[in-house]
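For what it's worth, our numbering labels the leading residue of the sequence shown as 22, then goes sequentially.
Following: one structure in structure tokens, then a few remarks.
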Amino acid sequence: MSVSAGPAKGDVVYAARGLSKHFGPIEACRGVDLDIRHGELTAIVGDNGAGKSTLVKMLTGALQPDAGRLMLRGEETRFGGPLDARRRRVEVVYQELALAPNLDAVSNIFLGRELTRPVMGLPILRRLDEARMRRLAGEEIRRLNVKIPSIRGVPVGKLSGGQQQSVAIARAAFWTTDVLFMDEPTAALGVQEARAVLDLVRSIVDRGVAVVMISHILPHVIELADHVVVMRHGQKVADVRAHTVTMDDLIRLIVGA
Numbered sequence: 022m023s024v025s026a027g028p029a030k031g032d033v034v035y036a037a038r039g040l041s042k043h044f045g046p047i048e049a050c051r052g053v054d055l056d057i058r059h060g061e062l063t064a065i066v067g068d069n070g071a072g073k074s075t076l077v078k079m080l081t082g083a084l085q086p087d088a089g090r091l092m093l094r095g096e097e098t099r100f101g102g103p104l105d106a107r108r109r110r111v112e113v114v115y116q117e118l119a120l121a122p123n124l125d126a127v128s129n130i131f132l133g134r135e136l137t138r139p140v141m142g143l144p145i146l147r148r149l150d151e152a153r154m155r156r157l158a159g160e161e162i163r164r165l166n167v168k169i170p171s172i173r174g175v176p177v178g179k180l181s182g183g184q185q186q187s188v189a190i191a192r193a194a195f196w197t198t199d200v201l202f203m204d205e206p207t208a209a210l211g212v213q214e215a216r217a218v219l220d221l222v223r224s225i226v227d228r229g230v231a232v233v234m235i236s237h238i239l240p241h242v243i244e245l246a247d248h249v250v251v252m253r254h255g256q257k258v259a260d261v262r263a264h265t266v267t268m269d270d271l272i273r274l275i276v277g278a
């Protein structure tokens, strides 16, 4: 999809103020503020149980916050669920990818959002517009330089882990010009496949999308991120420009040293 004219790089597209979430007596997130900016990558880091996933789930509609506000494109908002967030151009790629392994790349990109066209000029009768979906998916795959054997006829379940991750990211990028969340996009990938995914993520950021990435792989964070948010025990303990910190600095912030 083409990126329409809009806010400049660095402008806040999505913001959270005072987000909190409890699970019984457990305080998973407490009073978290966050600014997500056009054309920048924000990395969220922290130890297991730090509150990273809970925070992202609140930001993407999978969980309702107990307290706090969300502001999307300058207007206060509340999502009824993940589908509501997707309708408003907030996309997410989970570690599990949520791909249909028996379908090819085109079908996965348009899964649940298939394009149709009228039959015999009658709007009430519609059929899948397979030619248009194939064309648009191909354009997106080429634009993002995703390397897969074919976009049509090859089930994604037969692709490598990195190729499947690339298809999932390309699907999310196709449907948003605003905000894209990714949970551990390079986890369990080899060096070459991880490099391809990182290059893909950078190309999406360069198109002006605001990308938020959870990652435990600190070298990738230092290389790719513009901002780094550090979570510990459900709280945001740091929000720094990536070029101002080292891996040792991040480790100290993560463990509270």
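Positions of the beta carbon are idealized from the N, C-alpha and C atoms, including for glycine.
All values reported here derive from a predicted model rather than from experimental measurement.
1) With 16 other CB atoms within 10 Å as the buried threshold, where does His59 fall?
2) From Gly211, Ser187, Arg216 and Phe44, pick the residue whose C-alpha is nearest to that of Met203; which is it?
3) So, is Asp269 buried or exposed, given that buried needs 16 or more other C-beta atoms within 10 angstroms?
4) Is the stretch 87-95 touching the stretch 129-143, taking contact as three or more C-beta pairs under 8 Å?
5) Give a yes or no on contact between the stretch 171-190 and the stretch 204-219, applying the rule of three or more CB pairs nearer than 8 Å.
6) Measure how close the beta-carbons of Thr207 and Val230 come, nearest whole angstrom, since I'm counting them as under 8 Å.
7) At 3 residues or longer, what runs of the beta strand (DSSP E) sit wholly inside the stretch 200-251?
8) Using CA coordinates, which residue listed in Ala126, Ala194 and Val261 is at the minimum distance from Lys179?
9) For the alpha helix (DSSP H) containing Thr75, list its first residue and its last residue.
10) I need the straight-line Cα distance from Ile169 to Val249, nearest angstrom please.
11) May I ask you to report which of helix, strand or coil DSSP gives Arg273?
12) Based on DSSP bridge pairs, tell me the residues matched to Glu97.
13) Grouping DSSP H, G and I as helix and E and B as strand, with all else coil, what is Ala278?
In brief:
1) Numbered from its first residue, the sequence shown carries residue 59 at position 38. His59 should be labelled buried.
2) For this step, residue 203 is matched to residue 182 along the sequence shown. Nearest of Gly211, Ser187, Arg216 and Phe44 to Met203, Cα basis: Ser187.
3) Residue 269 sits at position 248 when you count from the first residue of the sequence shown. Exposed, because fewer than 16 other Cβ atoms sit within 10 Å of the Cβ of Asp269.
4) no
5) yes
6) The residue you call residue 207 lines up with position 186 of the sequence shown. The residue you call residue 230 lines up with position 209 of the sequence shown. Going by Cβ atoms, the distance from Thr207 to Val230 rounds to 18 Å, so no, they are not a contact pair.
7) 200-204 and 231-235
8) On the sequence shown, position 158 is the one that residue 179 refers to. Of Ala126, Ala194 and Val261, the residue nearest in Cα terms is Ala126.
9) Taking the first residue of the sequence shown as position 1, residue 75 is located at position 54. Thr75 -> alpha helix (DSSP H) spans Lys73 to Leu80.
10) Translated into positions along the sequence shown, residue 169 becomes position 148. Translated into positions along the sequence shown, residue 249 becomes position 228. So the alpha carbons of these two residues sit roughly 31 Å apart.
11) Numbered from 1 along the sequence shown, position 252 holds the residue referred to as residue 273. Looking at Arg273 - three-state DSSP - the assignment turns out to be helix.
12) By one-based count along the sequence shown, residue 97 stands at place 76. Partner(s): Met92.
13) As a first step, residue 278 must be located in the sequence shown, where it is residue number 257. Coil.
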